[in-house]
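Chains as they are written, first to last, in our numbering: chain S, 300 to 411; chain H, 10 to 119. A short write-up of the structure that comes next.
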């Protein structure tokens, strides 16, 4: 079946630094990938749609300059959290798929 | 009103019990419906798609009522390993953007 990977699985950083998270589709090409965020005891919230070869589409309330998305190839999308602050600490998950969406294992970000 | 609403639970049931979860969605244009399972601190995993005619996969039965914008999941003969959060998921449009319900937590006890 479809497999989506994410790297890193866990990251701890200091406030003000930038963190890059990678999402890869391992056995299929994905022109579109999705980035979600999940805070403790809450459900997943869509942050943005990553489009291969064009600009990402951001959900209302998500700052595009804060969360930079690059989808340079059909198997890789990256999310960079710029100038991270403690309130950005969350579980970031990507998904991809044709029809049915498969989720990466997630990246747990802790900003100190 | 949330786009997808679920009772958060928790539902505490003994092994072998039958348990049902319900979900309502607000966007009548939604085309695809799913139940995902999420274990603690893990990513969601697809449990099953939901079809208008209703569908069954082993101990799991899903039903959709488009007129009432209502989705259900029935789990028979609950196992300890069924303990998880069950997410009702609806696609937002004809594409693959998904909207998640808040999840219903199930705890199956010996």
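Every residue gets a Cβ at the ideal spot worked out from N, C-alpha and C, and that includes glycine.
In DSSP terms, what residue i is bridged to
| i | result |
| --- | --- |
| residue 349 of chain S | S:332 |
| residue 384 of chain S | Its beta-bridge partners do not exist; DSSP assigns none. |
| residue 302 of chain S | DSSP output for residue 302 of chain S lists no bridge partner at all. |
| residue 356 of chain S | S:348 |
| residue 64 of chain H | H:71 |
Proximity test, Cβ basis, 8 Å: residue i and chain S
| i | result |
| --- | --- |
| residue 23 of chain H | no |
| residue 109 of chain H | yes |
| residue 19 of chain H | no |
| residue 52 of chain H | yes |
| residue 74 of chain H | no |
| residue 112 of chain H | yes |
| residue 160 of chain H | Residue coverage of chain H in this structure runs from 10 to 119, which leaves residue 160 of chain H outside it and unanswerable. |
Residue-level contact to chain H via CB, residue i, 8 Å cutoff
| i | result |
| --- | --- |
| residue 400 of chain S | yes |
| residue 330 of chain S | no |
| residue 381 of chain S | no |
| residue 404 of chain S | yes |
Endpoints, beta strand (DSSP E) assigned at residue i
| i | result |
| --- | --- |
| residue 29 of chain H | 28 to 34 |
| residue 49 of chain H | It is not in any beta strand (DSSP E) - residue 49 of chain H carries neither H nor E in the DSSP assignment. |
| residue 113 of chain H | 113 to 118 |
| residue 361 of chain S | Here residue 361 of chain S belongs to no beta strand (DSSP E), and DSSP marks it neither H nor E. |
| residue 371 of chain S | 366 to 372 |
| residue 106 of chain H | From DSSP, residue 106 of chain H is part of no beta strand (DSSP E); its letter is neither H nor E. |
C-beta atoms of residue i and residue j nearer than 8 Å
| i | j | result |
| --- | --- | --- |
| residue 46 of chain H | residue 79 of chain H | no |
* Asked: When Cβ atoms are compared, which residues of the stretch 352 to 369 of chain S fall closer than 7 Å to chain H?
  -> Contact residues of the stretch 352 to 369 of chain S toward chain H are absent (C-beta to C-beta distance below 7 Å).
* Asked: If you measure beta-carbon to beta-carbon, which residues of the stretch 85 to 99 of chain H are closer than 8 Å to chain S?
  -> Listed by position along the chain: 96.
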